[in-house]
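Participant: Quick one: the structure is below, questions incoming.
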Amino acid sequence: MTSNSNVPAAKPRLTTSAMIASIAAEGQRTRLAPFGHALVEVAKKRPDIIGMTADLGKYTDLHIFKAAFPDRTYQMGMAEQLLFGAASGLAAEGFTPFATTYAVFASRRAYDFIHQTIAEENRNVKIACALPGLTSGYGPSHQATEDLALFRAMPNMTVIDPCDAHEIEQVVPAMAAHNGPVYMRLLRGQVPLVLDEYGYQFELGKAKTVRDGRDVLIISTGLMTMRALEAAKLLANDRVDAAVLHVPTIKPLDTETILREAGKGGRLVVVAENHTVVGGLGEAVASVLLQAGVHPKYRHIGLPDEFLHAGALPTLHDRYGISATAVSSRIKAWL
Amino acid sequence: MTTAEPPRANAPSIAERAYRIRRHAVRMGEVQGQGYIAQALDIADVLATAYFHAMNYRPEDPAWEGRDRFLLSNGHYAIALYAALIEAGVIPEAEIETYGFDDSRLPMSGMAQYTPGMEMSGGSLGLGLSIAVGMALGLKRKQSSARVFVLFSDGELDEGSKWEAMMSAAHYRLDNIVAIVDVNNQQADGASSEVMAFEPLSDKVRAFGWHVQRIDGNDVDAVVAAFDAARDDAEPRPKMIIADTLMGKGVPFLEAREKNHFIRVEADEWRLALQALDAGRPA
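Set out below in structure tokens:
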């Protein structure tokens, strides 16, 4: 056998994205390790803040905190149940642990520990988890496509899906100031910088209009807000005027702002999330709209209810419809 | 037959405390017509020694910062811990009548939000030792001399999280943890040793770097000596007391009953159990 006819010769072959690949596009402005640096800044004024990880310090930017506060950092080994149980114990003693791992491990492996030792007891533990949704090319073992659904369903838990480095820098002090458990989706490494150009400021529990528009309202969370903003520029070339409502706090949901914006009328409403279509922002928004009697034309962009492929992130984001071009073309088709 | 035990003049011994704890537990079982009474009876000597010999606490201020923490990992033993907290003066004895009823502070499974002196929400087995690790780290950070006592059952050793926590407690040299394992050799599906072989337990835990003692958990003198030895061990390592216990201890007809995770007690037997306890009351 001399050749494999399934491999097109002309098309460039993208290698599988590294485990800790940046989601930044080539040439995009970025900031390095915004979570780690923001945590150091908060911790300078808050001696109660503790860093904890389960063998993923370097992969969650907690190593920045550890370098600044080695005696306030606990390595719990590759043991996520222990990580969150011990975080509960430290919180019970008055400390504010920031516990980091990958989102798959917090949401799937340690769910009962978080549910029982942190949420049920309302302990002041902050959970920051890398590789949210489809941000790893390693396949389902590392793709936390259902974490928002799982943590939304947990009483007492605040759930945040920040968009970029600018927002993460503001989310971290807000998490520390909030008294209660918080789950944050973490973008690490070279993190894109987008929202600073829009004069955006994060407020816990608030959805904010980042860009206004007459034809489409994109309600987005996490990195899908930067995709929505790029898609809005592409749509503008086709004379489609798209608004982007950024919803970083998935729970508690800012239903007032969502109802006000979706209720303005005349606009297609599209929810976009880096998460399975089951149980995330899309279903949350649909429920809010239905119960309030607000019935715009409504569409949902999310990851399919299936185990996703391994490969290169740009390929996968196109394949599963969450790249900027995929978002803009789908919206055009729906108009 | 009254609900109160006959009065005594002298300061109660630990054995007398254990008798009263058993009595409180049986009375709660009678109120609700059910409860993990066989476990409460087997662990009463350990709880009496913990609350009347080993631990520092203030009954009138259960959240006192300087207290030794007691974590009930096996939340279904709540009936036993309530009995101990009643005997310790943390919970009024009158609340026995509320056990397991709607709006009671004494639900069937122990939860931190419900009950003064209950430091964690158990019930999902395998959580307690991980929480203890965090508390022990926190107490050391605060330079507190308080210790963390954590009780769990032999069945919980099936949970991998227990071994994660054992490894980390030794790693962080948490000599302020005293773990007590109740080896009554009974879990939901049968004898613990048959559900999943856990012996030789002492050797395993010692190999993890712990100070380990194995004792007859129904011999009060042995329990006292074990808590003393755990306190006196100068090595910077966590301490474990493996307590072999007899389910139903103190009530002969329950000791003899076929072993089960949840032993049924008929309506008329609660009174008989109280009589049996009174008959065996320490001199």
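Residue numbers (the working numbering), protein chains in the order written: chain A, 1 to 335; chain B, 1001 to 1283.
Even for Gly, the Cβ is constructed at its ideal location relative to N, Cα and C.
#1: Provide the residue span of the alpha helix (DSSP H) that contains residue 173 (chain A), from first to last.
#2: Could you give the distance in angstroms between the alpha-carbon of residue 322 (chain A) and the alpha-carbon of residue 302 (chain A)?
#3: Buried or exposed: residue 1135 (chain B), going by 16 or more other Cβ atoms within 10 Å of its Cβ?
#4: If you drop the 5 nearest sequence neighbours on each side, which residues of the same chain put their C-beta closer than 7 Å to that of residue 337 (chain A)?
#5: What's the C-alpha gap between residue 331 (chain A) and residue 270 (chain A)?
#6: Let's see if you can read the secondary structure: which residues bound the beta strand (DSSP E) around residue 249 (chain A)?
#7: Please work out which residues of its chain come closer than 7 Å, Cβ to Cβ, to residue 88 (chain A), disregarding the five sequence neighbours upstream and downstream, and give them in chain order.
#8: Helix or strand or just coil, what does DSSP make of residue 358 (chain A)?
#9: Check each candidate in A:200, A:257 and A:263 and name the one with the smallest Cα separation from residue 165 (chain A).
#10: How is residue 378 (chain A) classed by DSSP in three states: helix, strand or coil?
#11: Hey, how far is the Cα of residue 1215 (chain B) from the Cα of residue 1183 (chain B)?
#12: Going along chain B in order, which residues have a C-beta closer than 8 Å to the C-beta of residue 117 (chain A)?
#13: Please work out which residues of its chain come closer than 8 Å, Cβ to Cβ, to residue 59 (chain A), disregarding the five sequence neighbours upstream and downstream, and give them in chain order.
#14: Would you identify the three-state DSSP class for residue 1132 (chain B), choosing helix, strand or coil?
#15: Compare the Cα-Cα distances from residue 1147 (chain B) to each of B:1158, B:1203 and B:1174 and report the closest residue.
#16: Check each candidate in B:1160, B:1193, B:1039 and B:1056 and name the one with the smallest Cα separation from residue 1149 (chain B).
#17: Mind checking residue 17 (chain A): buried by the 16 CB within 10 Å criterion, or exposed?
#18: Taking Cβ positions only, does residue 1142 (chain B) come closer than 9 Å to chain A?
#19: Would you list the residues sitting across from residue 217 (chain A) in a DSSP beta bridge?
#20: With a cut-off of 8 Å on the beta carbons, I'd call residue 168 (chain A) and residue 191 (chain A) a contact; round off their distance for me.
#21: Determine whether the beta carbon atoms of residue 160 (chain A) and residue 47 (chain A) lie at a separation below 9 Å.
#22: Would residue 328 (chain A) pass as a contact of residue 197 (chain A) if the rule is Cβ separation under 9 Å?
#23: Report yes if the CB atom of residue 98 (chain A) is closer than 9 Å to the CB atom of residue 65 (chain A), and no otherwise.
#24: What does the alpha-carbon distance come out to for the pair residue 1121 (chain B) and residue 1088 (chain B)?
#25: Just checking: is the beta-carbon of residue 70 (chain A) within a distance shorter than 9 Å of some beta-carbon in chain B?
#26: Taking Cβ to Cβ, would you say residue 1117 (chain B) is nearer than 9 Å to residue 1070 (chain B)?
#27: Could you check how far apart the C-beta atoms of residue 267 (chain A) and residue 214 (chain A) are, in whole angstroms? I think they sit under 8 Å.
#28: With H, G and I counted as helix, E and B as strand and the rest as coil, what does DSSP make of residue 145 (chain A)?
#29: Going along chain A, which residues have a C-beta under 7 Å from residue 1139 (chain B)?
#30: Leaving aside the five residues before and after residue 3 (chain A) along the sequence, list all residues of the same chain whose C-beta is less than 6 Å from its C-beta, in chain order.
#31: Classify residue 1076 (chain B): buried if its beta carbon has 16 or more other beta carbons within 10 angstroms, exposed otherwise.
Facilitator: Here's the rundown:
#1: Residue 173 (chain A) -> alpha helix (DSSP H) spans 165-177.
#2: Note on geometry: alpha-carbon atoms of residue 322 (chain A) and residue 302 (chain A) lie some 7 Å from one another.
#3: Buried: at least 16 other Cβ atoms inside 10 Å.
#4: Since the first residue of chain A shown is 1 and the last is 335, residue 337 (chain A) is not available in this structure.
#5: Using only the alpha carbons, I get a separation of about 8 Å.
#6: Its beta strand (DSSP E) spans residues 249-251.
#7: Within the same chain, Cβ atoms closer than 7 Å to the Cβ of residue 88 (chain A) are found at 117, 118, 121, 123 and 125, the five residues on either side in sequence being excluded.
#8: Residue 358 (chain A) cannot be examined here, being either before or after the span of chain A that is shown, 1 to 335.
#9: Of the listed residues, the one whose Cα sits closest to residue 165 (chain A) is A:200.
#10: Past the edges of chain A, shown from 1 to 335, lies residue 378 (chain A), and the structure says nothing about it.
#11: Distance between residue 1215 (chain B) and residue 1183 (chain B), taken at the CA atoms: about 10 Å.
#12: What residue 117 (chain A) touches in chain B: 1120, 1121, 1127, 1130 and 1131.
#13: Result list for residue 59 (chain A): 19, 20, 102, 130 and 188, in chain order.
#14: It is helical.
#15: Distances from the alpha-carbon of residue 1147 (chain B) to those of B:1158, B:1203 and B:1174 put B:1174 closest.
#16: Taking only the C-alpha atoms, the option nearest residue 1149 (chain B) is B:1056.
#17: That one is buried.
#18: Among the CB atoms of chain A, one or more fall inside 9 Å of the CB of residue 1142 (chain B).
#19: Per DSSP, A:243 and A:269.
#20: Under the criterion of beta carbons closer than 8 Å, residue 168 (chain A) and residue 191 (chain A) qualify as touching, at roughly 7 Å.
#21: Here residue 160 (chain A) is not near residue 47 (chain A), since their CB atoms are 9 Å or more apart.
#22: Not closer than 9 Å, so no.
#23: Cβ atoms of residue 98 (chain A) and residue 65 (chain A): closer than 9 Å.
#24: In this structure, the straight-line span from the alpha carbon of residue 1121 (chain B) to that of residue 1088 (chain B) is close to 20 Å.
#25: No - not a single Cβ of chain B is within 9 Å of the one on residue 70 (chain A).
#26: In this structure, the beta-carbon distance from residue 1117 (chain B) to residue 1070 (chain B) falls below 9 Å.
#27: Correct: roughly 7 Å between the Cβ atoms.
#28: Note: residue 145 (chain A) maps to coil in three-state DSSP.
#29: Result: 93.
#30: Bear in mind that a pLDDT of 48 at residue 3 (chain A), under 50, signals an unreliable position, so the model cannot answer this.
#31: Buried.
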